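Visitor: Using the UniProt record's numbering, you'd call the opening residue of the sequence shown number 1 and step up by one each time.
We put the beta carbon where it would ideally sit given N, CA and C, even for glycine.
The structure presented is a predicted model; accordingly, all values stated were derived computationally and were not measured.
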Amino acid sequence: MATLSELLPVAAIRLDVPAADWREAVSAAGDLMTATGSTTDDYTTEMLENVEQNGPYIVIAPGLA
Numbered sequence: 001m002a003t004l005s006e007l008l009p010v011a012a013i014r015l016d017v018p019a020a021d022w023r024e025a026v027s028a029a030g031d032l033m034t035a036t037g038s039t040t041d042d043y044t045t046e047m048l049e050n051v052e053q054n055g056p057y058i059v060i061a062p063g064l065a
């Protein structure tokens, strides 16, 4: 199985990013991926819509998603 750093450029991975809520956290992740050319703004929109439709399946533990 590939590691996160094998799937995304290191510049798209950040820890301890402050976020007021899940939408801000997902948007921050999307901004990093867009800035590194890994995705587009449309992908960020789709991520937000996916969590709205399917719930917080991306949460691994409190404060970690």
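Tell me the DSSP secondary structure of residue 61 in three-state form.
Guide: strand
Visitor: Here's a check: name, in chain order, each residue in its chain whose Cβ is nearer than 8 angstroms to the Cβ of residue 56, leaving out the five neighbours to either side.
Guide: If the five residues before and after residue 56 are omitted, its C-beta is found closer than 8 angstroms to the C-beta atoms of 22, 65, all from its own chain and listed in chain order.
Visitor: Is residue 33 a contact residue of the ligand FAD, with contact defined as CB to any heavy atom under 7 angstroms?
Guide: This structure lacks the ligand FAD; in fact it carries no ligand of any kind.
Visitor: Enumerated in chain order, which unbroken segments of the alpha helix (DSSP H) with a length of 4 residues or greater are wholly contained in the UniProt domain "PTS EIIA type-2" (6-65)?
Guide: 22-35, 41-54
Visitor: By Cβ distance below 6 angstroms, which residues in the same chain neighbour residue 12 in space, the five residues on each side in sequence not counted?
Guide: 32, 33, 36, 38
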